[in-house]
Amino acid sequence: MKYCLICPILFVVFTACSQSNHQKAEQSNVIVKKNSIWWGKTTGKLPALLYGEGADRLGGAVMGYIDTGVVCKIIGRPKKFYQLQLSQFHTALIDTAMIQRDTALQTAKPVLSGSWKAWGTDSCYDIVTIHLNEKVPYTSYMEVNPAAIKINLYGVQSNTNWITQMQSLKEIKNLYYHQIENDVLEVTIQLQHAQHWGYTIGYEGNKLIIKVKRQPNIVGLSHLTFAVDAGHGGTNEGASGNVYGLVEKNYTLLFAKELGKQLKLAHAKVMMTRTNDTTFDNKDRVLFLQQKNPDVLISLHLNSADDASVNGASTYYKHIGFRPLSQFILKRIAAIKMNEFGNVGSFNFALNAPTDFVNCLVEIAFLSNKSDEAKIKSPAFRTAVARQIVLGIKDWLQYVSTEKN
Numbered sequence: 170m171k172y173c174l175i176c177p178i179l180f181v182v183f184t185a186c187s188q189s190n191h192q193k194a195e196q197s198n199v200i201v202k203k204n205s206i207w208w209g210k211t212t213g214k215l216p217a218l219l220y221g222e223g224a225d226r227l228g229g230a231v232m233g234y235i236d237t238g239v240v241c242k243i244i245g246r247p248k249k250f251y252q253l254q255l256s257q258f259h260t261a262l263i264d265t266a267m268i269q270r271d272t273a274l275q276t277a278k279p280v281l282s283g284s285w286k287a288w289g290t291d292s293c294y295d296i297v298t299i300h301l302n303e304k305v306p307y308t309s310y311m312e313v314n315p316a317a318i319k320i321n322l323y324g325v326q327s328n329t330n331w332i333t334q335m336q337s338l339k340e341i342k343n344l345y346y347h348q349i350e351n352d353v354l355e356v357t358i359q360l361q362h363a364q365h366w367g368y369t370i371g372y373e374g375n376k377l378i379i380k381v382k383r384q385p386n387i388v389g390l391s392h393l394t395f396a397v398d399a400g401h402g403g404t405n406e407g408a409s410g411n412v413y414g415l416v417e418k419n420y421t422l423l424f425a426k427e428l429g430k431q432l433k434l435a436h437a438k439v440m441m442t443r444t445n446d447t448t449f450d451n452k453d454r455v456l457f458l459q460q461k462n463p464d465v466l467i468s469l470h471l472n473s474a475d476d477a478s479v480n481g482a483s484t485y486y487k488h489i490g491f492r493p494l495s496q497f498i499l500k501r502i503a504a505i506k507m508n509e510f511g512n513v514g515s516f517n518f519a520l521n522a523p524t525d526f527v528n529c530l531v532e533i534a535f536l537s538n539k540s541d542e543a544k545i546k547s548p549a550f551r552t553a554v555a556r557q558i559v560l561g562i563k564d565w566l567q568y569v570s571t572e573k574n
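So the mapping is simple: this note's numbering equals the position in the sequence shown, first residue as 1, plus 169.
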């Protein structure tokens, strides 16, 4: 993977609640021509909301994925995007391929939230349902210390006077909301444990469903399923080495197979996104992983930079609730005399984007650096890295199990 600039933080509070409407209107950059407004619904493969037009090699900063069939108000078209009016003072961009015009849609507002219910299942989830009279856009993010999930529902006013919470709940501690703006409803889901294990959001009809993954009863390698992702593959070759000409897709697969082997030796369950040289689009990988539902995803890549002196290992996360794993893995890799390139947050790599399961991207070393490339070429180094990643996972699980994190 090519070394690149890091995207902005995951979540931004656009306007303070204490501001007057006049102040908010002055700060808004939205200029709308009345005859340019139309309505549509989200469609396609993993539609995502973007903060703005900024971009780097991996694309612009993403608010998050959103379900299909969500009703959206389109107010403009900057470049290859549509601009959505999420609420009175909030906008977002979305790829034009992800919106289908619907002339039958009406603009009746406001959307009202109805009753909520939360209960625990017999599997690994607590479930929250929120009744709405329309599929509205939403964004979500994680908070830590204390651990919570926050969801903003746009274009919504509360008519929620009934939040049922069943005794079968095991991970959800508290569930409540604030009407933070006239048309933005903020949902708070407080968690029992400090470590986030993931959550999934989507609609069933006009009912928003939030599936909150519980912390496993036994926090240990032998009780968890790990997905190991070998970056690139097939027609997507990735970076290449400056000295030996090593091709990233080939060596990520070697590292991934070794990591899978070491995890199995530690009695973990392992699944792979690829086991040979095949083309596998990142969005398809995300959909595949969401279906398989691992506890943890480790994606392996090899870095590259224009400056051949840049070297070292790095780990990446997008969601703050998933950061601890990436820190422990980096510390262990650095222990085998690898320089530290850093622990990078708010990263906009596709496989860091899902909230459904804990995930970490590991950029093992730089193909563009002579010394690092020589290490990558070595089978002994590949085994050492895999073992250190497993040790990092064990350190993280020990940290999680102390309940003092």
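All C-beta atoms in this analysis are idealised placements derived from N, C-alpha and C, irrespective of residue type, glycine included.
Who does residue i pair with in a DSSP beta bridge?
| i | result |
| --- | --- |
| H300 | K376 |
| S309 | I320 |
| K210 | V240 and Q269 |
| C529 | I467 |
| G228 | D225 |
| I341 | L360 |
| W285 | I299 and I332 |
| I370 | I379 |
| L354 | L322 and Q348 |
| F518 | Paired residues: none, contrary to the question. |
Just how far apart, CA to CA, sit residue i and residue j?
| i | j | result |
| --- | --- | --- |
| G209 | N472 | 40 angstroms |
| L219 | Y234 | 9 angstroms |
| K418 | K506 | 24 angstroms |
| A482 | L499 | 7 angstroms |
| C293 | P247 | 42 angstroms |
| T394 | V554 | 20 angstroms |
| F510 | A519 | 21 angstroms |
| T272 | I378 | 27 angstroms |
| Q252 | N517 | 20 angstroms |
| V201 | G221 | Any reading at V201 needs caution, since the residue's pLDDT is 48, under 50, leaving its predicted position unreliable; the model's value is listed next. Going by the C-alpha atoms only, they are around 16 angstroms apart. |
| G400 | Q348 | 42 angstroms |
| W565 | Y485 | 15 angstroms |
| F250 | S337 | 44 angstroms |
| N538 | S409 | 11 angstroms |
| T298 | R270 | 28 angstroms |
| E406 | T444 | 15 angstroms |
| N480 | T571 | 34 angstroms |
Find out if the Cβ-Cβ distance for the pair residue i, residue j is shorter than 8 angstroms.
| i | j | result |
| --- | --- | --- |
| N375 | E303 | yes |
| Q326 | D295 | no |
| L215 | K452 | yes |
| T421 | L469 | yes |
| H436 | S391 | yes |
| H300 | G289 | no |
| V648 | L432 | Residue numbering for the chain in the displayed model covers 170 to 574; residue 648 lies beyond these limits and cannot be assessed. |
| I243 | W207 | yes |
| L149 | L415 | The displayed coordinates of the chain run from 170 to 574. Any statement about residue 149 would go beyond what the structure contains. |
| G213 | A266 | yes |
| L360 | A317 | yes |
| R458 | P548 | Reading off the sequence shown, one finds Leu at residue 458, where the question assumed Arg. No; because the gap between Cβ atoms is not below 8 angstroms, this pair is not in contact. |
| T211 | G229 | no |
| I320 | I341 | no |
| I467 | L428 | yes |
| N152 | L281 | No statement about residue 152 is possible, as the shown extent of the chain runs from 170 to 574 and does not include it. |
| K546 | Y413 | yes |
| D236 | Y346 | no |
What residues in its chain sit with their C-beta under 7 angstroms from that of residue i, if we drop five residues either side in the sequence?
| i | result |
| --- | --- |
| L423 | R551 |
| A504 | Q557 |
| K380 | Y294, I296, Y368 and T369 |
| P463 | T394, F395, A396, M440 and F526 |
If you run the structure through DSSP and keep just helix, strand and coil, what is residue i?
| i | result |
| --- | --- |
| K249 | coil |
| D264 | strand |
| A194 | Below a pLDDT of 50, predicted positions are generally treated as unreliable, and A194, at 37, falls in that range; the measurement from the model is reported next regardless. DSSP places A194 in helix when its eight states are reduced to three. |
| E542 | helix |
| V412 | coil |
| N328 | coil |
| Q257 | coil |
| Y220 | coil |
| L360 | strand |
| V381 | strand |
| T484 | strand |
| K590 | Examination of residue 590 is not possible in this model, given that the chain is present from 170 through 574 alone. |
| Q348 | strand |
| S473 | strand |
| G429 | helix |
| A504 | coil |
| E509 | strand |
| V201 | Unreliable positioning characterises V201 in this predicted model, as indicated by a pLDDT of 48, which lies under 50. The coordinate reading is nonetheless provided below. Coil, per DSSP. |
| D398 | strand |
Sorted by chain position, which residues of the same chain lie with C-beta nearer than 6 angstroms to residue i's C-beta, five sequence neighbours on each side aside?
| i | result |
| --- | --- |
| S256 | Y323, G324, D352 and V353 |
| I575 | Because the chain is modelled from 170 through 574, residue 575 falls outside the range shown and cannot be assessed. |
| T442 | D398 and R454 |
| W366 | K382 and Q384 |
Once the 5 residues before and after residue i are set aside, which same chain residues still bring their CB inside 8 angstroms of it?
| i | result |
| --- | --- |
| D446 | G402, G403, K418, N419 and L422 |
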